[in-house]
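UniProt numbering applies: residue 1 is where the sequence shown begins, and numbers increase by one. All C-beta atoms, glycine included, are put in the ideal place defined by N, C-alpha and C. Some notes on the structure that comes next.
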Amino acid sequence: MGDQQPIETYDVHATEAKWLPVWEDLDLFRADDHVVASGTRPKYYALTMFTYPSGDLHMGHAEVTALHDVIARYRRMRGYEVMNPIGWDSFGLPAENAAIRTGEHPATYTYANIQKQVESFKKYAISFDWSRRLHTSDPAYYRWTQWLFLKFRERGLAYRKNSPVNWCPRDQTVLANEQVINGRCERCGAEVTKRALTQWYFRITAYAERLLRSLDELEATWPDRVVTAQRNWIGRSEGAYVTFRIGERDVEVYTTRPDTLYGATFLVVAPDAPLAGEIVAPAQRRALEDYLVEVRKASDIDRLSTERPKSGVDLGITATNPVNGERIPVWAGDYVLADYGTGAIMGVPAHSQPDLDFARAMGLPVRRVVDTGEETFEATTGDGTYLNSEPLNGIADRATGIRTIIERLESDGTGRGAVNFRLRDWLLSRQRYWGTPIPIVHCGKCGEVAVPEEQLPVELPDLRGADLRPRGTSPLGAARDWVETSCPTCGGPAERDTDTMDTFVDSSWYFLRYCSPREDQRVFDPELVNRWMPADIYVGGVEHAVLHLLYARFFTKVLHDMGLVEADEPFAAQLNQGFVLNGGRKMSKSLGNGVDLGEQLATYGVDAVRLTMVFAGPPEDDIDWADVSPGGSVRFLQRAWRLSGDVSSAPGTDPGGGDVAVRRATARTLHAAAQLIEAHRFNVLVARLMELVNTVRRAIDSGCGASDPAVREAVEAIALLLSLVAPYTAEEMWQRLGHRPSVAQVRWPTVDEALLAEESVTAVVQVRGKVRARLEVSPDISDAELEAAALADEKVQRALSGIEVRTVIVRAPRLINLL
Numbered sequence: 001m002g003d004q005q006p007i008e009t010y011d012v013h014a015t016e017a018k019w020l021p022v023w024e025d026l027d028l029f030r031a032d033d034h035v036v037a038s039g040t041r042p043k044y045y046a047l048t049m050f051t052y053p054s055g056d057l058h059m060g061h062a063e064v065t066a067l068h069d070v071i072a073r074y075r076r077m078r079g080y081e082v083m084n085p086i087g088w089d090s091f092g093l094p095a096e097n098a099a100i101r102t103g104e105h106p107a108t109y110t111y112a113n114i115q116k117q118v119e120s121f122k123k124y125a126i127s128f129d130w131s132r133r134l135h136t137s138d139p140a141y142y143r144w145t146q147w148l149f150l151k152f153r154e155r156g157l158a159y160r161k162n163s164p165v166n167w168c169p170r171d172q173t174v175l176a177n178e179q180v181i182n183g184r185c186e187r188c189g190a191e192v193t194k195r196a197l198t199q200w201y202f203r204i205t206a207y208a209e210r211l212l213r214s215l216d217e218l219e220a221t222w223p224d225r226v227v228t229a230q231r232n233w234i235g236r237s238e239g240a241y242v243t244f245r246i247g248e249r250d251v252e253v254y255t256t257r258p259d260t261l262y263g264a265t266f267l268v269v270a271p272d273a274p275l276a277g278e279i280v281a282p283a284q285r286r287a288l289e290d291y292l293v294e295v296r297k298a299s300d301i302d303r304l305s306t307e308r309p310k311s312g313v314d315l316g317i318t319a320t321n322p323v324n325g326e327r328i329p330v331w332a333g334d335y336v337l338a339d340y341g342t343g344a345i346m347g348v349p350a351h352s353q354p355d356l357d358f359a360r361a362m363g364l365p366v367r368r369v370v371d372t373g374e375e376t377f378e379a380t381t382g383d384g385t386y387l388n389s390e391p392l393n394g395i396a397d398r399a400t401g402i403r404t405i406i407e408r409l410e411s412d413g414t415g416r417g418a419v420n421f422r423l424r425d426w427l428l429s430r431q432r433y434w435g436t437p438i439p440i441v442h443c444g445k446c447g448e449v450a451v452p453e454e455q456l457p458v459e460l461p462d463l464r465g466a467d468l469r470p471r472g473t474s475p476l477g478a479a480r481d482w483v484e485t486s487c488p489t490c491g492g493p494a495e496r497d498t499d500t501m502d503t504f505v506d507s508s509w510y511f512l513r514y515c516s517p518r519e520d521q522r523v524f525d526p527e528l529v530n531r532w533m534p535a536d537i538y539v540g541g542v543e544h545a546v547l548h549l550l551y552a553r554f555f556t557k558v559l560h561d562m563g564l565v566e567a568d569e570p571f572a573a574q575l576n577q578g579f580v581l582n583g584g585r586k587m588s589k590s591l592g593n594g595v596d597l598g599e600q601l602a603t604y605g606v607d608a609v610r611l612t613m614v615f616a617g618p619p620e621d622d623i624d625w626a627d628v629s630p631g632g633s634v635r636f637l638q639r640a641w642r643l644s645g646d647v648s649s650a651p652g653t654d655p656g657g658g659d660v661a662v663r664r665a666t667a668r669t670l671h672a673a674a675q676l677i678e679a680h681r682f683n684v685l686v687a688r689l690m691e692l693v694n695t696v697r698r699a700i701d702s703g704c705g706a707s708d709p710a711v712r713e714a715v716e717a718i719a720l721l722l723s724l725v726a727p728y729t730a731e732e733m734w735q736r737l738g739h740r741p742s743v744a745q746v747r748w749p750t751v752d753e754a755l756l757a758e759e760s761v762t763a764v765v766q767v768r769g770k771v772r773a774r775l776e777v778s779p780d781i782s783d784a785e786l787e788a789a790a791l792a793d794e795k796v797q798r799a800l801s802g803i804e805v806r807t808v809i810v811r812a813p814r815l816i817n818l819l
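Here you go:
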């Protein structure tokens, strides 16, 4: 025992320190625009979602980039010219709030964190093209964000209006509808309220139909839940606008069920819609004002909740139903939103559960107009036979009923068929400092005036030492030297717009700027954009299923219409990763279950953490760090690395005469690996790699011989596959195998098809559904031959003793069932 040599190991951290500077010198992953333009190699645009610089990298970054890097490195090995850029979404609330807490200027805080993340990403060995690095808070970038804003405005897609908006009382800024999650600010978690303000919007609703229609093309390559979330958010519905008479004015109401008009027993108006204040009876005005105070405390999500008790105020007036002349009461109710349709709905309580809940709470009548055959105390929404609706009575087809009523409304001039969308225009202005300034000046004589293009960018004033804490208005308003300017049109005194753009504007086009990040005369080079776009894969979190992805799609379609981009959709395929949990719960400092990425890297090394992330499960599943084993990953990597030291055959030795079983295992692993990566089954890829390592270890230990060229072929394949997930270990193995760096530049091996052919397969023989025998047969055996072999088998004959075979089901070469 004393004469045994110690098991060979390698120093993980020394290996990292050794290879990182080598890779930097080699500049392995710089994408060549000229290669793509010439068509020498096909392009592959591998895109991962923007990073927020609010601290150092965390476990979520470790997961998403490890998964993303498998794809990027694999495509490079398959002969693609891969663009895998990196940048920072460096404007916005997370960085600004953190800077305020620490007392630093947002720029100081932001760029310091970016540098931390740069160093961490490089150590983590992600195959980024660092030459394309960008930051949205650089004037060279946001100059073009401002330019795009002005171009959108020229096309009527950017405008300013006063309306009730979502207000975050903690961040002291407005929020887009998409940034309110379950009634709370998606940034800080504070309960969101409503406030009437004049704000800037993008007219995304002008593209609602196209955004919805294009989802049909993305179904095959985007996750189902993302496509479904976008469809639901856009929310297309077909129906009609119906005109009700209230006093001396006409009020339009949108409904998807005009066929139930005869069942309308009241109208409900959003209490915060201007209409409510215009039509309320004088005696009820004070009641409406008091009610409105309470309504503004609730978010849209809360108001629409089915769990929330219905409330309302009688406006003291009536409306005339256009189909039967009936006068019905008009109420204000918080379950109606000011920006849905016209801000008013008709109440059909027999066939709408929210309306029924409201009618019961307010003591309003209920009239059934569709007999669905259901005996229930709830609203019925299904199809049935019309009743209490004179022209429709006896009809049992909804489409006919809807068409009949719309025709009558249009004939009488009291309504029209229409399509409506749940999607609302995108509110983009924010009352915060750290964002892209809106390039508009306000002139008392000329009104809103665009800043001339030659004066872009409108740079943020430095404001170092100023109090940037939110107070409901932008801190930029206090920078009078910056605010006060001259009107570009008349030359008179004017003031700059003091709001900034939401960070989602910055991230709606960054993937286009990556194609020519140093372009200083144009927003980007259209020729290069059209060479690289669309991105072939977009990897990131499902939490952006609506917000960022919808906005990026909108921007791309507008730029397509402007003739700047040929692609109509930005991302050809998408991959979502799950969350990294700990003990079944999302990591949180307040819960005390956070896992520090830096500590994990210091303990186990980069490769072990990356391997653990990839091996933990399918990419879309959550990873519970309490259930995985980075220590086990270290041991596996050590086993793989030792193989490279056992190989004694020379580089370039022909493996043709080597051990056939080892060669077959290598070929099948490589063949399966390609299929698994294409299907994003990275965890199974690692499992197959582990099997190959074990196969080679057994072959060496059983006397196959380290000099066998089949062993070298196998270990080289292991190094190549490992480079996708554990690049340091792979590079060290590659050098020990006698090769120059880098294994990342090696082309994917061509697999000998003959080695993939199966010499035999196992055929299962069942008698009356029970397995009675397993036969080793040729993979090209015929049905008749398989049946004869099964019937001749001794175990099958015993099972058939005294039994008449009436039916034989043969599925050569795998199965035969005797019945």
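Exercise for the section: Please work out which residues of its chain come closer than 6 Å, Cβ to Cβ, to residue 883, disregarding the five sequence neighbours upstream and downstream, and give them in chain order. Expected result: Any property of residue 883 remains undetermined from this structure, which presents the chain solely from 1 to 819.
Problem - Residue range of the unbroken beta strand (DSSP E) whose run includes residue 606 - result: Position 606 of the sequence shown, counting from 1, holds the residue named residue 606. No beta strand (DSSP E) contains residue 606, which is instead part of the alpha helix (DSSP H) from 606–615.
Problem - Sub-8 Å separation of residue 89 and residue 506 beta-carbons - result: For this step, residue 89 is matched to residue 89 along the sequence shown. For this step, residue 506 is matched to residue 506 along the sequence shown. Contact flag set, yes.
Practice task
Please name the residue in 284, 430, 281 and 313 whose C-alpha comes closest to that of residue 295.
Solution key: Position 295 of the sequence shown, counting from 1, holds the residue named residue 295. When only C-alpha atoms are compared, the closest one is 313.
Problem - DSSP state of residue 587 mapped onto helix, strand, coil - result: Position 587 of the sequence shown holds residue 587. DSSP places residue 587 in coil when its eight states are reduced to three.
Handout entry: Distance between beta carbons of residue 504 and residue 551, contact taken as under 8 Å
Key = Here residue 551 refers to the residue found at position 551 of the sequence shown. Here residue 504 refers to the residue found at position 504 of the sequence shown. 5 Å between Cβ atoms; contact.
Exercise for the section: Using a threshold of 8 Å, state whether the C-beta atoms of residue 342 and residue 207 are closer than that. Expected result: Reading the sequence shown from its first residue, position 342 is the one you call residue 342. Reading the sequence shown from its first residue, position 207 is the one you call residue 207. No, they are not a contact pair.
Exercise for the section: Could you spell out the range, first to last residue, of the beta strand (DSSP E) harbouring residue 574? Expected result: Within the sequence shown, the letter at position 574 stands for residue 574. Counting along the chain, the beta strand (DSSP E) containing residue 574 begins and ends at 574–577.
Practice task
Flag this pair as touching only if the stretch 330–346 and the stretch 258–278 have three or more C-beta atom pairs under 8 Å; answer yes or no.
Solution key: yes
Problem - Completely contained alpha helix (DSSP H) runs for the stretch 2–70, where each covers 4 or more residues - result: 12–26 and 33–38
Problem - Of the residues 812, 744 and 758, the one placed nearest residue 23, counting alpha carbons only - result: On the sequence shown, residue 23 is found 23 positions in, with the first residue counted as 1. Selected option, being the one with the closest Cα: 744.
Exercise for the section: Helix, strand or coil for residue 236, going by three-state DSSP, please let me know. Expected result: Position 236 of the sequence shown holds residue 236. Here residue 236 sits in strand by DSSP.
Practice task
Alpha carbon to alpha carbon, how far is residue 244 from residue 379? Give it in angstroms, no decimals.
Solution key: Against the sequence shown, residue 379 aligns to sequence position 379. Against the sequence shown, residue 244 aligns to sequence position 244. Answer to the nearest angstrom: the Cα atoms are 24 Å apart.
Practice task
Reducing DSSP to helix, strand and coil, say where residue 346 ends up.
Solution key: The residue you call residue 346 lines up with position 346 of the sequence shown. Residue 346 falls in the strand class under three-state DSSP.
Problem - Residue nearest to residue 219 in terms of C-alpha spacing, selected from 82, 571, 533 and 374 - result: Start at 1 with the first residue of the sequence shown, and residue 219 comes out as number 219. Here the closest residue by C-alpha is 571.
Problem - Whole beta strand (DSSP E) elements within the stretch 346–434, 3-residue minimum - result: 415–421
Exercise for the section: Kindly indicate the opening and closing residues of the alpha helix (DSSP H) around residue 554. Expected result: Counting from 1 along the sequence shown, the entry for residue 554 is found at position 554. First-last of the alpha helix (DSSP H) with residue 554: 547–561.
Problem - DSSP three-state assignment for residue 766, whether helix, strand or coil - result: Looking up residue 766 in the sequence shown gives position 766. Note: residue 766 maps to strand in three-state DSSP.
Problem - Of the residues 511, 782 and 59, the one placed nearest residue 609, counting alpha carbons only - result: Here residue 609 refers to the residue found at position 609 of the sequence shown. For the residues 511, 782 and 59, the minimum Cα distance to residue 609 belongs to 59.
Problem - Alpha-carbon spacing of residue 677 relative to residue 615, whole angstroms - result: Mapped onto the sequence shown, residue 677 falls at position 677. Mapped onto the sequence shown, residue 615 falls at position 615. The alpha-carbon atoms of residue 677 and residue 615 are separated by roughly 13 Å.
Handout entry: Touching by the beta-carbon criterion (3+ pairs, under 8 Å), the stretch 72–87 and the stretch 38–47
Key = yes
Problem - DSSP three-state assignment for residue 633, whether helix, strand or coil - result: The residue you call residue 633 lines up with position 633 of the sequence shown. Looking at residue 633 - three-state DSSP - the assignment turns out to be helix.
Problem - Residue environment, residue 309, which counts as buried when at least 16 other CB atoms sit within 10 Å - result: Locating residue 309 in the sequence shown gives position 309, counting from the first residue. So residue 309 ends up on the exposed side.
Exercise for the section: Kindly confirm or deny that the stretch 565–581 and the stretch 541–556 touch, where touching means at least three C-beta pairs closer than 8 Å. Expected result: yes
Handout entry: Three-state secondary structure (DSSP) of residue 708
Key = In the sequence shown, residue 708 corresponds to position 708, counting from 1. The answer is coil: DSSP assigns residue 708 none of H, G, I, E or B.
Handout entry: Neighbour-count burial assignment, residue 494, 16 or more Cβ in a 10 Å radius
Key = Within the sequence shown, the letter at position 494 stands for residue 494. Counting Cβ neighbours within 10 Å, residue 494 comes out buried, since at least 16 surround it.
Problem - residue 30 versus residue 381 - alpha carbon distance - result: Translated into the one-based positions of the sequence shown, residue 30 becomes position 30. Translated into the one-based positions of the sequence shown, residue 381 becomes position 381. Near 59 Å, if we compare the C-alpha coordinates of residue 381 and residue 30.
Practice task
Note down the Cα distance separating residue 567 from residue 211, rounded to an integer number of angstroms.
Solution key: Within the sequence shown, numbered from 1, the residue matching residue 567 stands at position 567. Within the sequence shown, numbered from 1, the residue matching residue 211 stands at position 211. Whole-angstrom Cα-Cα distance: 14 Å.
Exercise for the section: State buried or exposed for residue 680, treating a residue as buried only when at least 16 other CB atoms are found within 10 Å of its CB. Expected result: To locate residue 680, count along the sequence shown from 1; it is residue 680. Classification for residue 680: buried.
Exercise for the section: Compute the beta-carbon to beta-carbon distance between residue 496 and residue 485, rounded to the nearest angstrom, for a pair I have assumed lies under 8 Å. Expected result: Start at 1 with the first residue of the sequence shown, and residue 496 comes out as number 496. Start at 1 with the first residue of the sequence shown, and residue 485 comes out as number 485. With a Cβ gap of about 6 Å, residue 496 and residue 485 count as contacting.
Practice task
Measure the beta-carbon distance from residue 393 to residue 367 and round it to whole angstroms, keeping in mind my assumption that it falls under 8 Å.
Solution key: In the sequence shown, residue 393 corresponds to position 393, counting from 1. In the sequence shown, residue 367 corresponds to position 367, counting from 1. Incorrect: roughly 14 Å between the Cβ atoms, too far for contact.
Practice task
Provide the residue span of the alpha helix (DSSP H) that contains residue 786, from first to last.
Solution key: Reading the sequence shown from its first residue, position 786 is the one you call residue 786. It spans 783–792 - the alpha helix (DSSP H) in which residue 786 sits, taken as one unbroken run.
Problem - N-terminal and C-terminal residue of the alpha helix (DSSP H) that residue 671 is part of - result: Here residue 671 is taken as the residue at index 671 of the sequence shown, counted from 1. Looking at the DSSP string, the run of the alpha helix (DSSP H) that includes residue 671 is 660–678.
Handout entry: Those runs of the alpha helix (DSSP H) which lie wholly inside the stretch 694–743 and span at least 4 residues
Key = 709–722 and 727–736
Practice task
Could you spell out where the alpha helix (DSSP H) holding residue 212 opens and where it closes?
Solution key: In the sequence shown, residue 212 corresponds to position 212, counting from 1. First-last of the alpha helix (DSSP H) with residue 212: 208–218.
Exercise for the section: With DSSP as the reference, label residue 120 as helix, strand or coil. Expected result: To locate residue 120, count along the sequence shown from 1; it is residue 120. Residue 120 falls in the helix class under three-state DSSP.
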